[in-house]
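Participant: This is the structure I have questions about; it appears just below.
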Amino acid sequence: MMGNEKRGWIRIVEAFVSILLIAGAVLVLMNEGYIAKTDISQKVYDAELSILRDIELDETLRTEVLELEDSILPLELSDSEFPLSVKTRIA
Numbered sequence: 002m003m004g005n006e007k008r009g010w011i012r013i014v015e016a017f018v019s020i021l022l023i024a025g026a027v028l029v030l031m032n033e034g035y036i037a038k039t040d041i042s043q044k045v046y047d048a049e050l051s052i053l054r055d056i057e058l059d060e061t062l063r064t065e066v067l068e069l070e071d072s073i074l075p076l077e078l079s080d081s082e083f084p085l086s087v088k089t090r091i092a
């Protein structure tokens, strides 16, 4: 009887260790994928800030942006209504 009970506990421990190994491998793989991704949010923020500062400080650019009609907003850079001077300043 004792032999069968020991085998049962050994199987439980084996299953638990197997689950831990699989979970550890999954966590390592997920972490590697996360680290490999580059975070460009700071670069985008800096570019946006630079563009907005240029528009703020240049009277001509600011006037062109303020003269846009609300009905056509938001605009994409490729839209024909996008102010040309702002487009050339951004690019």
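Residues in the sequence shown are numbered consecutively from 2, following the working numbering. Yeah, the Cβ is synthetic: ideal placement off N, Cα and C, and Gly gets one too.
#1: Can you list, in chain order, the residues of its chain whose CB lies under 8 angstroms from that of Val-66, leaving out five sequence neighbours each side?
#2: Nearest CA to the CA of Ile-91: which residue from Ser-72, Asp-47, Ile-73, Asp-71?
#3: For Glu-70 and Asp-40, I'd like the C-alpha separation in whole angstroms.
#4: Along the chain, where does the alpha helix (DSSP H) that runs through Glu-49 open and close?
#5: Taking the C-alpha atoms as reference points, what is the distance between Leu-50 and Glu-82?
Facilitator: Quick look at the numbers:
#1: Shown here for Val-66: same chain residues with a beta carbon closer than 8 angstroms to its own, the five before and five after excluded, namely Ile-56, Pro-84, Val-87 in chain order.
#2: Selected option, being the one with the closest Cα: Asp-47.
#3: 35 angstroms
#4: DSSP places Glu-49 in the uninterrupted alpha helix (DSSP H) bounded by 42–58.
#5: Cα-Cα distance, rounded: 22 angstroms.
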